[in-house]
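Residue numbers (the numbering used here): 708 to 1045. Worksheet: one structure, shown below.
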Amino acid sequence: MASIKDVAAQAGVSVATVSRVLNSHPSVSPDARARVLAAVDALGYRPNAVARSLRTDQTRTLGLVISDVLNPYFTALARSVEEEARALGYSVIIGNADERPEQQDHHVRTLLDRRIDGLLVSPADGESPLLLDVARAGTPMVFVDRWIPGVDIPVVRADGHRAIQDLVAHLHALGHRRLAIIAGPAATTTGNERVEAFREAMRAHGLALPDAYIGQGDFQADSGRRATEHFLSLPEPPEIVFAADNLMALGALDAIRANGLRVPEDIGIAAFDDIPWFVHTGPPITAIAQPTGDLGRAAVRALVDIVEGRPPQSVTLPATLVVRSSCGERTSIPGSNE
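Below you can see the structure in the form of structure tokens.
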């Protein structure tokens, strides 16, 4: 394998100049840079990333711990994180918490052992002692989608409050009054935020939200199925089931169909987290969409700012209501807000 000395000899420059070119140092002349890059290409030279990390105390690697790799929302988020990191010269190692705090902590420890430069986390538990310790230790870290209240590190997330208000107003205008929600885990900020926003929106329209219309879910399909089975067993079932994430919506849809009911004729369904296959269900599902790609890119930029010594910023982006036809709407324009 070619060495850095071979590249220097081929390009007719010093080893120091080759190093500056490989590290994108601005002090190299355009001519020298072009000769070094040509030599690198001709010799097939590849820098030793391990040796370089030992010299610079950087690995150019970021860690990402997501809550559930089977959730299409987090899959899309991970993709945008990887794309943005690559564009900025970083690699990404991904760990799947599977909505389990102990698995989350296992991945966090493993990533730190691998000497990553920074960590992106969507906490599976709002009170993780390990994440609190990591934050206090000064490890570059950014929370994405979910966060731990009171921890002073940047948070990149979507604000679904207004979109949930819009959803309840939309359902009210359609004539629906009995609305139920499948909430996410109380240990997560998004689980709490969405159910409280729904409760507030119901109150604003003079609608009651009895305890029987609040199903406790865990952001996975089985919990959506169980909660919906409970709703359907009530003496007066709800007219609409709002699932606080897409997998719970899938479970709710399964339960509705297993009971021989039709959407929206017998009961309507809406979901938080719009995903591509919602336009292909019969009927297409009304949903709240988060700007997933923008969230992933913003999270990487915030983390790289910390790693590279720049002041980071928290970012909050709006979620939006996407109206389709799963709640009794008369028209359906898949993917639109109309």
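Just so it is clear, CB atoms sit at the ideal spot from N, CA and C, and this is done for glycine as well.
How far does the alpha helix (DSSP H) with residue i in it extend, from its first residue to its last?
| i | result |
| --- | --- |
| P1025 | Per DSSP, P1025 belongs to no alpha helix (DSSP H); it is in the beta strand (DSSP E), V1022 to P1025. |
| A844 | Where A844 is concerned, there is no enclosing alpha helix (DSSP H), given that its DSSP letter is neither H nor E. |
| A746 | P737 to L750 |
| F781 | P779 to A794 |
| N1048 | Past the edges of the chain, shown from 708 to 1045, lies residue 1048, and the structure says nothing about it. |
| R822 | Unbroken run through R822: none, as it is neither H nor E. |
With a Cβ-Cβ cutoff of 9 angstroms, do residue i and residue j count as a contact?
| i | j | result |
| --- | --- | --- |
| A1005 | L1024 | yes |
| N803 | D775 | yes |
| G922 | H937 | yes |
| G891 | M955 | yes |
| P945 | S1032 | no |
| H784 | G825 | Looking at the sequence itself, residue 784 is Leu, so the reference to His does not match. No, they are not a contact pair. |
| P808 | I982 | no |
| T1027 | A870 | yes |
| A908 | V875 | yes |
| G958 | A934 | yes |
| F979 | R901 | yes |
| T988 | L960 | yes |
| H879 | L914 | yes |
| A865 | Q997 | yes |
| Y797 | V1011 | yes |
Taking all protein chains shown into account, do 16 or more other C-beta atoms lie within 10 angstroms of the C-beta of residue i, making it buried, or fewer, making it exposed?
| i | result |
| --- | --- |
| N730 | exposed |
| P1052 | The requested residue 1052 is not part of the displayed model; the chain covers only 708 to 1045. |
| V714 | buried |
| G814 | A small fix is needed here, since residue 814 is His in this sequence, not Gly. Buried, because 16 or more other Cβ atoms sit within 10 Å of the Cβ of H814. |
| E1036 | buried |
| E903 | exposed |
| S721 | exposed |
| A962 | buried |
| E806 | buried |
| L777 | exposed |
| G867 | buried |
| L839 | exposed |
| G719 | exposed |
| S710 | exposed |
| S829 | buried |
| R786 | exposed |
| A951 | buried |
| G845 | exposed |
| R932 | buried |
| G924 | buried |
| A756 | In this prediction, A756 has a pLDDT of 49, which is less than 50 and means its spatial position is unreliable; nothing more can be read from the coordinates. |
| G751 | exposed |
State the start and end residues of the unbroken beta strand (DSSP E) segment that holds residue i.
| i | result |
| --- | --- |
| V772 | T768 to I773 |
| N803 | S798 to N803 |
| V851 | M848 to V851 |
| G825 | G825 to V828 |
Once the 5 residues before and after residue i are set aside, which same chain residues still bring their CB inside 7 angstroms of it?
| i | result |
| --- | --- |
| R1070 | Lying before the first or after the last residue shown, residue 1070 is absent from the chain, which here runs from 708 to 1045. |
| N899 | A893 |
| L837 | D812 and V815 |
| R762 | Residue confidence for R762 is low, a pLDDT of 45 falling below 50, so the modelled location carries little weight; the figure read from the coordinates is stated next. Cβ neighbours of R762 beyond the five flanking positions: none. |
| V788 | L771, V799, L827, G1003, A1006 and V1007 |
| P1041 | Note on P1041: pLDDT 44, under 50, position unreliable in the model; the coordinate value appears next. Same-chain partners within the cutoff: V986, P991 and R1031. |
| Q810 | A804 |
| T896 | G833, R853, W854 and P856 |
| V747 | V714 |
May I ask you to report which of helix, strand or coil DSSP gives residue i?
| i | result |
| --- | --- |
| G1000 | helix |
| D866 | strand |
| T724 | helix |
| G922 | strand |
| R759 | Low confidence applies to R759: its pLDDT is 47, below 50, so where it sits in the model is not reliable, and the reading given next is rough at best. If DSSP states are grouped into helix, strand and coil, R759 belongs with the helices. |
| G975 | strand |
| L1028 | strand |
| I711 | helix |
| T935 | helix |
| T1058 | Past the edges of the chain, shown from 708 to 1045, lies residue 1058, and the structure says nothing about it. |
| V948 | strand |
| E1036 | coil |
| L838 | helix |
| A880 | helix |
| I888 | strand |
| A908 | helix |
| P1041 | Caution applies to P1041, whose pLDDT of 44 falls short of 50 and renders its modelled position unreliable; the model cannot decide the point. |
| A718 | helix |
| A831 | coil |
| A994 | strand |
| R1017 | coil |
| E809 | helix |
For residue i, I'd like the list of residues in its chain whose CB is within less than 6 angstroms of its CB, leaving aside the five on either flank, ordered along the chain.
| i | result |
| --- | --- |
| S1021 | P861 and V862 |
| R906 | L916 |
| V1014 | D824, G825 and P847 |
| A758 | Low per-residue confidence applies at A758: pLDDT is 45, beneath 50, and the placement is therefore not dependable, though the value from the model is reported in the following sentence. Hits under 6 angstroms: none found. |
| L939 | N966 |
By Cβ distance below 8 angstroms, which residues in the same chain neighbour residue i in space, the five residues on each side in sequence not counted?
| i | result |
| --- | --- |
| R740 | V728 |
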